[in-house]
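Taking my numbering, I'd label the letters of the sequence shown as residues 94 to 458.
Note that beta-carbon positions come from the ideal geometry of N, C-alpha and C, so glycine has one too.
Each remark here refers to the structure printed beneath this line.
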Amino acid sequence: MRGAPAVILLLLGLALLVPPALAGDGPLVLAVEVPVKNQEVYAADTLVAGTAWDERVRVTFRNNGDVPITNLSVAVAVPLGMPVSIPQQPLTGVTADGGTVRASVPVLGPGESQNMTFGVRPPASVQYRTPAPFVVTATYLAEGVSQAESVTAEAVVVPPFSWVTYATIGGSLLVLIVALLVFSRSSMLTRFTTSDLVTIALIAALLGVVFRWFWQTFNDLLGPFGGLLFTVPTSVLLILAVHLVRKPGTATLLFFVQEIVAMVIWGTNILLWLGWYLVEGVAIDLLVMLLGGDYADRRGTAVMIGIVRGFVSYGAFYFLFAPAVWHIAYAAWYSVFQIGLAVLGGIIGGLIGYSTAVKVRGSVL
C-alpha cells in the first residue's frame, strides 16, 4: 500500500504526456503563416502598423490521411477589418468578401497539400500591442463523412514607435547639451579647429561613402556575418577621429556629418535617421567624458568605445528604428545575434583602431 501513491503519481504523469482526443480530429491539417517571411530572421505572427505595403498570409491544408478528401472548403476570418488583396497563385478560385477569404479544392489526395495566399494591409496605427487572430475553418468530406477542422493564428499588430525617431533626436541633443554644460568649466572643452573639422569631414566621408558602398556590395557574401564589414571599419574610423581630434562632441559631430553625407549620396531621410546617428555619437562622447577625457589613449578604452558603439547603435536599430522607420519586426534571437556581432566588430575595430590611431598621431606629431 505504501507504493500506491507513487503508482498513482506515475499514472497521472503518463496521462499528462498523452495528448487528449479532440472531437472532429480528421486527416486534414491546417497551418497558417503570418507574415510570409523568413521566420529565422523576422518575428513570426507579428505585423507592424503603418506599413505602406500588404503583408502576405499563407494558409496550407494537407491531407495526412490515406483516403482522398473531397469538397474541401476553407474560410479565413481576417481580423481588425484589414483590407485584403488576392495575388495570382496556383490555386484558383481564391476570393475575398467582407473580411473573409475563401477557397475550395474539389479533391485533395492522400499526402497532397495546397495553399492559399492573400495580402492584408495592417492598420495605419495602433496605440498598443493589439491581438489580431486569423481564424481558419475548413469543412470537407472523407469517405463520405462530413468533417470540420479549425485553427487560429494568434498574430499581433504592434505600433511602429514613430515617436522614437523624434524623441531620440531631442533626447540625444538634450543629454549632449547637459553634458557639455557640466564639463564646460574643465579644460576638456575647447573649440574645434579647422584641422579638426577637416579630419572629421574626411573620416565621415569614408564612413558614409566608401565603406558603406563596400558593405552594401559585399554584405551578402558573409551571410549573417555581413555586419562585420561595416562595424569593424566604423569602429576603426571612430576611434581614429576621437584620438586625433580629442575634443568633447567629436563622435556626435562625426556621425552627424556622416548622416549629411548619406543624405546627399544615398538619399537617406535625415529626419527619420538623425536620431539613430546622434544616439551612438552621444553615447561615445559621454563615455569619453566619464573616463576623464580618455580619447582612446589606452587600448582598453578603444575597445570599450567600439563595444559601446556597437551595442547602442545596433540595439537602437533592431528594437526601435527598424519597427519605426522600416515597419519591420525582427525575430528577438536574430536581433540579439546581430547586436552581439556588432559588439564583436567593436572589439576587433577597437584593437585595430587603437594601433592605427597611435601610429597616425605619432607620425603627425
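Starting from residue 393, trace the alpha helix (DSSP H) in both directions and tell me its first and last residue.
For this step, residue 393 is matched to residue 300 along the sequence shown. Taken as a continuous stretch (DSSP letters only), the alpha helix (DSSP H) holding residue 393 covers 392-409.
Can you tell me the Cα-Cα spacing of residue 122 and residue 239, whole angstroms?
Locating residue 122 in the sequence shown gives position 29, counting from the first residue. Locating residue 239 in the sequence shown gives position 146, counting from the first residue. Each residue's Cα considered, the two are about 15 Å apart.
Which residue from 197, 427, 289, 301 puts its Cα closest to that of residue 358?
Indexing the sequence shown from 1 puts residue 358 at position 265. Selected option, being the one with the closest Cα: 301.
Should the region 386-400 be called in touch with the region 292-300, which here means at least 3 C-beta pairs below 8 Å?
Touching, no.
Which class does residue 95 belong to by DSSP, given the choice of helix, strand or coil?
Taking the first residue of the sequence shown as 1, we reach residue 95 at position 2. Here the model assigns residue 95 a pLDDT of 47, short of 50, so the residue's position is not dependable and the matter cannot be decided.
Please say whether residue 125 and residue 298 have beta carbons closer to each other than 8 Å?
Taking the first residue of the sequence shown as position 1, residue 298 is located at position 205. Taking the first residue of the sequence shown as position 1, residue 125 is located at position 32. No, they are not a contact pair.
Specify, as a first and last residue, the run of the beta strand (DSSP E) that residue 298 falls within.
Here residue 298 refers to the residue found at position 205 when the sequence shown is read from its first residue. Looking at the DSSP string, residue 298 is not in any beta strand (DSSP E); the run it does join, the alpha helix (DSSP H), is 287-298.
Quick check on this structure: which residue in 237, 201, 379 has the alpha carbon closest to the alpha carbon of residue 271?
Counting from one through the sequence shown, the residue named residue 271 turns up at place 178. When only C-alpha atoms are compared, the closest one is 379.
Opening and closing residue of the alpha helix (DSSP H) in which residue 350 lies:
Taking the sequence shown and counting its residues from 1, the one referred to as residue 350 is at position 257. Here the alpha helix (DSSP H) through residue 350 covers 343-359.
Whole angstroms is fine: what's the gap from residue 233's alpha carbon to residue 153's?
Counted from its first residue, the sequence shown places residue 233 at position 140. Counted from its first residue, the sequence shown places residue 153 at position 60. Distance between the alpha carbons of residue 233 and residue 153: 15 Å.
Got a sec: is the Cβ-Cβ distance from residue 318 to anything in chain C below 8 Å?
Here chain C cannot be found, since the structure has a single protein chain.
Could you give the distance in angstroms between the alpha-carbon of residue 213 and the alpha-carbon of residue 435?
To locate residue 213, count along the sequence shown from 1; it is residue 120. To locate residue 435, count along the sequence shown from 1; it is residue 342. The alpha-carbon atoms of residue 213 and residue 435 are separated by roughly 34 Å.
Coil, strand or helix - residue 170 by DSSP
In the sequence shown, the residue the question calls residue 170 occupies position 77. Here residue 170 sits in strand by DSSP.
Through-space distance from residue 195 to residue 188, alpha-carbon basis:
The residue you call residue 188 lines up with position 95 of the sequence shown. The residue you call residue 195 lines up with position 102 of the sequence shown. Straight-line spacing of the CA atoms in residue 188 and residue 195 works out to 5 Å.
Roughly how many whole angstroms lie between the Cα atoms of residue 311 and residue 325?
The residue labelled residue 311 in the question sits at position 218 within the sequence shown. The residue labelled residue 325 in the question sits at position 232 within the sequence shown. So the two alpha carbons sit approximately 14 Å from each other.
Among all the DSSP beta bridges, which residues are the ones paired with residue 162?
Translated into positions along the sequence shown, residue 162 becomes position 69. In the DSSP output, where bridge partners are listed per residue, residue 162 has 201, 235.
Any chance the CB of residue 155 is under 7 Å from a heavy atom of the ligand ZN?
Although the ligand ZN was asked about, the structure shown includes no ligands whatsoever.
Got a sec? Which residues, its chain only, sit under 6 Å from residue 407 by beta carbon, not counting five neighbours each side?
Within the sequence shown, residue 407 is the residue found at index 314, counting from 1. Cβ-Cβ distances below 6 Å link residue 407 to 431, 432, 435 in the same chain, with the five nearest sequence neighbours on each side left out; the list follows chain order.
Mind checking who residue 123 pairs with in its DSSP beta bridge?
For this step, residue 123 is matched to residue 30 along the sequence shown. DSSP, once it has assigned bridges, lists 154 as partnering residue 123.
Reduced DSSP secondary structure (H/G/I, E/B, other) of residue 384
Against the sequence shown, residue 384 aligns to sequence position 291. Coil, per DSSP.
Expressed to the nearest angstrom, what Euclidean distance is found between the alpha-carbon atoms of residue 169 and residue 216?
Locating residue 169 in the sequence shown gives position 76, counting from the first residue. Locating residue 216 in the sequence shown gives position 123, counting from the first residue. Cα to Cα, residue 169 sits roughly 18 Å from residue 216.
Report yes if the C-beta distance between residue 368 and residue 242 is below 8 Å; otherwise report no.
Taking the sequence shown and counting its residues from 1, one reaches residue 368 at position 275. Taking the sequence shown and counting its residues from 1, one reaches residue 242 at position 149. No, they are not a contact pair.
Per DSSP, which one or two residues make a beta bridge with residue 182?
Position 89 of the sequence shown, counting from 1, holds the residue named residue 182. In DSSP, residue 182 forms no bridge with anything.
Output the boundary residues of the alpha helix (DSSP H) element that contains residue 338.
In the sequence shown, the residue the question calls residue 338 occupies position 245. Unbroken alpha helix (DSSP H) run through residue 338: 321-338.
Counting Cβ pairs, one atom from each stretch, are 3 or more of them under 8 Å apart for the region 439-455 and the region 328-335?
Yes, since at least three Cβ pairs between the region 439-455 and the region 328-335 fall closer than 8 Å, the two stretches touch.
Which of the three DSSP states is assigned to residue 211 in this structure?
To locate residue 211, count along the sequence shown from 1; it is residue 118. Reduced to three states, the DSSP call for residue 211 is strand.
Looking at residue 139: is its Cβ nearer than 8 Å to the Cβ of residue 422?
For the purposes of this step, residue 139 is taken as residue 46 along the sequence shown, with counting starting at 1. For the purposes of this step, residue 422 is taken as residue 329 along the sequence shown, with counting starting at 1. For residue 139 and residue 422, yes; Cβs fall inside 8 Å.
Which of the three DSSP states is assigned to residue 133 in this structure?
As a working note, residue 133 is residue 40 in the sequence shown. If DSSP states are grouped into helix, strand and coil, residue 133 belongs with coil.
Nearest-angstrom beta carbon gap, residue 192 and residue 219 [assumed within contact, 8 Å]
Here residue 219 refers to the residue found at position 126 of the sequence shown. Here residue 192 refers to the residue found at position 99 of the sequence shown. Their Cβ separation, rounded to whole angstroms, is 17 Å, which puts residue 219 and residue 192 out of contact at 8 Å.
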